[in-house]
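Protein chains: 2
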Amino acid sequence: MDKRVGVLGGGQLGAMLVEAANQLRIPVNVLDVGHSSAKQISSIGTHIEGSFKDPEAIKKLADISDVVTVEIEHVDTTILEKIAGTVDVQPSWKTIRKIQDKYAQKQHLHERGVATAESVALKTASMEEMEKASRDVGLPLMLKSRREAYDGRGNYPVRTKDDFNLALEALGGNKDLYAEKWANFRVELAVMVVKTKDDVLSFPTTETVHENSICKLTYTPARGVSEAISQKAQELARKAVACFDGKGVFGVEMFLLEDDTLLVNEIAPRPHNSGHYTIEACRVSQYEAHLSAILDLPLQQEDLQLREPAVMLNILGGEAKDSHLKIAQAALKDRWLKVHLYGKGQARKGRKMGHVTVCAPTMSEAERRMQPLIDLVDEGKPAQPKGVKGQPANEESAKNKPLVAVVMGSDSDLPKLADGLKILRDFNIPYTARVTSAHRTPYLMAEYASSAASEGIKCVIAAAGGAAHLPGMFAAYTPLPVIGVPIKPSLGDGRDSVLSILNMPRGVPVATVSLNNSTNAALLAVRILGAGDEAIRERYVRYMREAEAAVKEKDRRLQEVGAEKYLESMAK
Amino acid sequence: MDKRVGVLGGGQLGAMLVEAANQLRIPVNVLDVGHSSAKQISSIGTHIEGSFKDPEAIKKLADISDVVTVEIEHVDTTILEKIAGTVDVQPSWKTIRKIQDKYAQKQHLHERGVATAESVALKTASMEEMEKASRDVGLPLMLKSRREAYDGRGNYPVRTKDDFNLALEALGGNKDLYAEKWANFRVELAVMVVKTKDDVLSFPTTETVHENSICKLTYTPARGVSEAISQKAQELARKAVACFDGKGVFGVEMFLLEDDTLLVNEIAPRPHNSGHYTIEACRVSQYEAHLSAILDLPLQQEDLQLREPAVMLNILGGEAKDSHLKIAQAALKDRWLKVHLYGKGQARKGRKMGHVTVCAPTMSEAERRMQPLIDLVDEGKPAQPKGVKGQPANEESAKNKPLVAVVMGSDSDLPKLADGLKILRDFNIPYTARVTSAHRTPYLMAEYASSAASEGIKCVIAAAGGAAHLPGMFAAYTPLPVIGVPIKPSLGDGRDSVLSILNMPRGVPVATVSLNNSTNAALLAVRILGAGDEAIRERYVRYMREAEAAVKEKDRRLQEVGAEKYLESMAK
Numbered sequence: 001m002d003k004r005v006g007v008l009g010g011g012q013l014g015a016m017l018v019e020a021a022n023q024l025r026i027p028v029n030v031l032d033v034g035h036s037s038a039k040q041i042s043s044i045g046t047h048i049e050g051s052f053k054d055p056e057a058i059k060k061l062a063d064i065s066d067v068v069t070v071e072i073e074h075v076d077t078t079i080l081e082k083i084a085g086t087v088d089v090q091p092s093w094k095t096i097r098k099i100q101d102k103y104a105q106k107q108h109l110h111e112r113g114v115a116t117a118e119s120v121a122l123k124t125a126s127m128e129e130m131e132k133a134s135r136d137v138g139l140p141l142m143l144k145s146r147r148e149a150y151d152g153r154g155n156y157p158v159r160t161k162d163d164f165n166l167a168l169e170a171l172g173g174n175k176d177l178y179a180e181k182w183a184n185f186r187v188e189l190a191v192m193v194v195k196t197k198d199d200v201l202s203f204p205t206t207e208t209v210h211e212n213s214i215c216k217l218t219y220t221p222a223r224g225v226s227e228a229i230s231q232k233a234q235e236l237a238r239k240a241v242a243c244f245d246g247k248g249v250f251g252v253e254m255f256l257l258e259d260d261t262l263l264v265n266e267i268a269p270r271p272h273n274s275g276h277y278t279i280e281a282c283r284v285s286q287y288e289a290h291l292s293a294i295l296d297l298p299l300q301q302e303d304l305q306l307r308e309p310a311v312m313l314n315i316l317g318g319e320a321k322d323s324h325l326k327i328a329q330a331a332l333k334d335r336w337l338k339v340h341l342y343g344k345g346q347a348r349k350g351r352k353m354g355h356v357t358v359c360a361p362t363m364s365e366a367e368r369r370m371q372p373l374i375d376l377v378d379e380g381k382p383a384q385p386k387g388v389k390g391q392p393a394n395e396e397s398a399k400n401k402p403l404v405a406v407v408m409g410s411d412s413d414l415p416k417l418a419d420g421l422k423i424l425r426d427f428n429i430p431y432t433a434r435v436t437s438a439h440r441t442p443y444l445m446a447e448y449a450s451s452a453a454s455e456g457i458k459c460v461i462a463a464a465g466g467a468a469h470l471p472g473m474f475a476a477y478t479p480l481p482v483i484g485v486p487i488k489p490s491l492g493d494g495r496d497s498v499l500s501i502l503n504m505p506r507g508v509p510v511a512t513v514s515l516n517n518s519t520n521a522a523l524l525a526v527r528i529l530g531a532g533d534e535a536i537r538e539r540y541v542r543y544m545r546e547a548e549a550a551v552k553e554k555d556r557r558l559q560e561v562g563a564e565k566y567l568e569s570m571a572k
Numbered sequence: 001m002d003k004r005v006g007v008l009g010g011g012q013l014g015a016m017l018v019e020a021a022n023q024l025r026i027p028v029n030v031l032d033v034g035h036s037s038a039k040q041i042s043s044i045g046t047h048i049e050g051s052f053k054d055p056e057a058i059k060k061l062a063d064i065s066d067v068v069t070v071e072i073e074h075v076d077t078t079i080l081e082k083i084a085g086t087v088d089v090q091p092s093w094k095t096i097r098k099i100q101d102k103y104a105q106k107q108h109l110h111e112r113g114v115a116t117a118e119s120v121a122l123k124t125a126s127m128e129e130m131e132k133a134s135r136d137v138g139l140p141l142m143l144k145s146r147r148e149a150y151d152g153r154g155n156y157p158v159r160t161k162d163d164f165n166l167a168l169e170a171l172g173g174n175k176d177l178y179a180e181k182w183a184n185f186r187v188e189l190a191v192m193v194v195k196t197k198d199d200v201l202s203f204p205t206t207e208t209v210h211e212n213s214i215c216k217l218t219y220t221p222a223r224g225v226s227e228a229i230s231q232k233a234q235e236l237a238r239k240a241v242a243c244f245d246g247k248g249v250f251g252v253e254m255f256l257l258e259d260d261t262l263l264v265n266e267i268a269p270r271p272h273n274s275g276h277y278t279i280e281a282c283r284v285s286q287y288e289a290h291l292s293a294i295l296d297l298p299l300q301q302e303d304l305q306l307r308e309p310a311v312m313l314n315i316l317g318g319e320a321k322d323s324h325l326k327i328a329q330a331a332l333k334d335r336w337l338k339v340h341l342y343g344k345g346q347a348r349k350g351r352k353m354g355h356v357t358v359c360a361p362t363m364s365e366a367e368r369r370m371q372p373l374i375d376l377v378d379e380g381k382p383a384q385p386k387g388v389k390g391q392p393a394n395e396e397s398a399k400n401k402p403l404v405a406v407v408m409g410s411d412s413d414l415p416k417l418a419d420g421l422k423i424l425r426d427f428n429i430p431y432t433a434r435v436t437s438a439h440r441t442p443y444l445m446a447e448y449a450s451s452a453a454s455e456g457i458k459c460v461i462a463a464a465g466g467a468a469h470l471p472g473m474f475a476a477y478t479p480l481p482v483i484g485v486p487i488k489p490s491l492g493d494g495r496d497s498v499l500s501i502l503n504m505p506r507g508v509p510v511a512t513v514s515l516n517n518s519t520n521a522a523l524l525a526v527r528i529l530g531a532g533d534e535a536i537r538e539r540y541v542r543y544m545r546e547a548e549a550a551v552k553e554k555d556r557r558l559q560e561v562g563a564e565k566y567l568e569s570m571a572k
């Protein structure tokens, strides 16, 4: 903890790095112009006045630091290469140089077997080269600057040949261009990866939502993305970062295509906007992780664990000078929303002035709490043109991710389950109801049961009649608690259903309720969810009080009118 | 957010206030000597060099601030009274003045009906007055300085008359003394209270553990303290703080006596050591809450909610110059432990140099993760003399707070439950087993069932035979999931037990397993806990894999040796 850290750049990423360092009183020296964001909250380190591109200033920084790192990749790597002889530079200047050229970055990944969108470099910024590129990667395509491009600057979508001229004009006759095959993505994902001296670790998979090519929102865990795909995204991100030298955190942006293929879009060799949520939501933030990596402090995979689901919203400069402050003020109405302002002074439209993160026990609560702020940001904005960056379509559908799966062997069981489903709705518990038969769709049942836990289901209600194998078979495939509802068949008294569900062998439990009693099955599911969720338990206690009051009211009436009249009123 | 805050004192409490202010870029002006802790992490505000007792310096601070607050109560309130005409002082100088004199503070509370330990002021520091005081409050008693006492300084325990002289000497002939009736407390509790312009809100109830009269550890929620008492402690704390003027956070320290009586010990009109845990563990930290109160930012009771159980350990200066740094280094081995160093420079024995907080999904995990650090701190220390400050005895017993209650109507059911209990132990699930009969101990059963949830129980296993009312009655009193295990009575086939547990009326669910099947009841309990705890679910998945492997092994053997030989080996 006695090493001095030097940072090229003192913007918000540098500032949040300083915040993490402050807790351990690690001195950070910041190189940037003026009283930049990072300098405002540190007077332990010795700051240097100057541009993070100025060779002299970088040398000065190196002289007073033990490790030099970056909060922005658009730095002069020839100077970093020089100072690397005398001071530890992390990540390696080679990595930064390679990543600066987005086309070279993609080729580097492609050569190492990391899936990226097909790309082709334009030799010149000419119509002939556009023609050629469009034959190679097809149309539409995305025309991109190889260098100095971020937050959508340097990208231009090309739909038809008619766009060729516009695209070349928009990118300002830049000679370093490349064309990228259009990614028809379902959702954009991002994973923060930490490269330590021994390991490559990953934070959870985050869903990113862009507007006008600038990150607007992030959702962690990514909504509507299965655990299996989320794991694959982390694997791909780790594999991508493993292709580069040096230590530190890396932001890996990815596309998830309609067919569930994952492609790396681009990599940032530093803390990243898509990792802001980690400050409140993870055991260790991306900033602590970066310091840990470059200073060789201990760090393990379990330290990057998510504490709670999180939604992050960027506060951008708006039309008016104080638009961003109005958003911050509004955010303070709900103190679960953690507001971070960057102290950047003058706002400009689209400039990142701050961000807001909310964590909650469930994603739906986090979304609910963020919604008023999203509405405020969207106020008066024209509807976002669809398809410009493959606007994700899963926002609505994923909002109420089911916590309970209600499965039945046959749709004829559904009427018997109606009371239970109503209770789940009354308790505001999101559920999914599915027909899946142990005997008629054994494969489907097995697949569904074995993936239920990773899909976020917390409890299963399984109804079946007669031989009634569904609850027991479901329990055999899942580690989740399974509640069995015996359904009375058309023949017999239903004892067959009860015993088939109840008499499970030792080792595979099913929580059995009485015949056709979906009411109690649903209430039991609420109790089970309530065991791990205070808010649900409180709702359940309220339900108990109400049931108590209802019985007391009946008793009061019985005393008031007498048994005879009471019976009469019941007969009506 | 454009108001400037002035703080008297720039120690760790001021520093953590600055950290909270930094996120919103609220300028904080710090008044203290030198490059104190709070000044190190802020260069937005304009700091003032000087003592927080220096009238001139305080006036300078007032000139450049919109609100003036304190991080220490030992300030000159006559100056605060003067500047209060031109600048907002929060909390009120009257409050600070009253609280500075601990005896006056206690009288103030006592007069307003707030329970405190009986106290009597000594007119002079003499044997006669000691004699008199000991007659009033009895022996043992605690002799205390009325002013400038903190972290145990200014307190002296008086057991017998022989201690009179020692006590007077120890407190250095201080004339402002008072004697306090000895509190035979079971545990010390603390609650952070926030006084806003409209409300008095409270953080969760925290257990504090002192060593040599200095706060060593805090546990939130307080271990082994029921929800009812925890609520009472918060009510008492709010009532106490409501007796004082002004806005801000207040730390309220309390004793919980053996008979569950609560007494206020003392109040601090500022952020407090017992509230450090709020930074990581609550929706809003005590520092954010203090800023919110003094700046009239929105704040509600739900914002003070606990996100996860937390343990906090103070890092004190030790025998060697760098003892505290060694503790910090050791803490970095487990990155779930959040290390805060205060940058105070020179350590002195007992000086607060930093603290460590760990949050985890369960208190037992938080305790487990903190334990190595507690061991390190305790290394080579002499065993703490018992009774000096009523050392709490609940540390061991509360360590493995039960998550599952296993209840049975009769001890004769216990043998049938043995398999299930073994499974809970194998899964490392803390449980409590209790005999409580619905028919023979109806009151005890009702009391136990209705308090189970607030005692931290997450799931109940209830076993009963014959009329078998226990599971259903237990379910009637608790919102927790109840698993019923029908026990076969000595007469009959056990159908009575099964049906009595299974056929619950709609509205009160019991998860029934088959006759005598405590194995499945326990496994179901593990699945239920696993629904809200990833680590337990992982253990359960491992169990499933092992069970699968065991069956496969049997199949392999059956194929290897053939059915005939296999049957032979089974007969052995």
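Protein chains in written order, with the UniProt record's numbering: chain A, 1 to 572; chain B, 1 to 572.
All C-beta atoms in this analysis are idealised placements derived from N, C-alpha and C, irrespective of residue type, glycine included.
Predicted, not measured: the structure shown is a model, and the values here were computed from it.
Asked, Found
"Residue 338(B) versus residue 54(B) - alpha carbon distance", "35 Å"
"In DSSP terms, what residue 338(A) is bridged to", "357(A)"
"Cα-Cα separation between residue 316(B) and residue 2(A), rounded to whole angstroms", "19 Å"
"Any C-beta of chain A under 8 Å from that of residue 504(B)", "yes"
"Residue 455(A): CB within 7 Å of a non-hydrogen atom of the ligand SAM", "As for the ligand SAM, it is missing from this structure, which has no ligand bound."
"Under 8 Å between C-beta atoms of residue 481(A) and residue 524(B)", "yes"
"C-alpha gap between residue 583(A) and residue 368(A), whole angstroms", "Residue numbering for chain A in the displayed model covers 1 to 572; residue 583(A) lies beyond these limits and cannot be assessed."
"Neighbourhood of residue 155(A) by C-beta distance below 8 Å, restricted to the same chain and skipping five residues each side", "142, 143, 144, 145, 149 and 213"
"Helix, strand or coil at residue 131(B) [DSSP, three-state]", "helix"
"Contacting positions in the segment 458-481 of chain B - beta carbon closer than 8 Å to chain A", "458, 459, 479, 480 and 481"
"Residue 546(B) versus residue 510(B) - alpha carbon distance", "29 Å"
"Own chain partners of residue 104(A) with C-beta closer than 7 Å, once the 5 adjacent residues on each side are dropped", "98"
"Validate contact between the segment 157-170 of chain A and the segment 265-285 of chain A using beta carbons, cut 8 Å, 3 pairs", "no"
"8 Å Cβ cutoff, residue 183(A) in contact with chain B", "no"
"In DSSP terms, what residue 210(B) is bridged to", "215(B)"
"Residue 429(B), DSSP secondary structure in three states", "coil"
"Contact under 8 Å by Cβ, residue 71(B) with residue 9(B)", "yes"
"Residue-chain proximity (residue 588(B), chain A), Cβ-Cβ < 8 Å", "Within the shown structure, residues of chain B are numbered from 1 to 572, placing residue 588(B) beyond reach of any answer."
"Straight-line Cα distance separating residue 189(B) from residue 108(B)", "21 Å"
"Minimum length 4: unbroken alpha helix (DSSP H) runs contained in the segment 256-319 of chain B", "278-281 and 286-295"
"As assigned by DSSP and simplified to three states, the class of residue 72(A)", "coil"
"Own chain residues within Cβ distance below 6 Å of residue 290(A), not counting five before or after", "248, 249 and 271"
"Contact with chain A by residue 571(B), beta-carbon distance below 8 Å", "no"
"DSSP three-state assignment for residue 458(A), whether helix, strand or coil", "coil"
"Residue-chain proximity (residue 290(B), chain A), Cβ-Cβ < 8 Å", "no"
"Listed by chain order, chain A residues near residue 340(B) by CB distance under 7 Å", "23"
"DSSP bridge partner residues for residue 88(B) (one or two, in chain order)", "67(B)"
"Coarse secondary structure for residue 512(A), derived from DSSP in three states", "strand"
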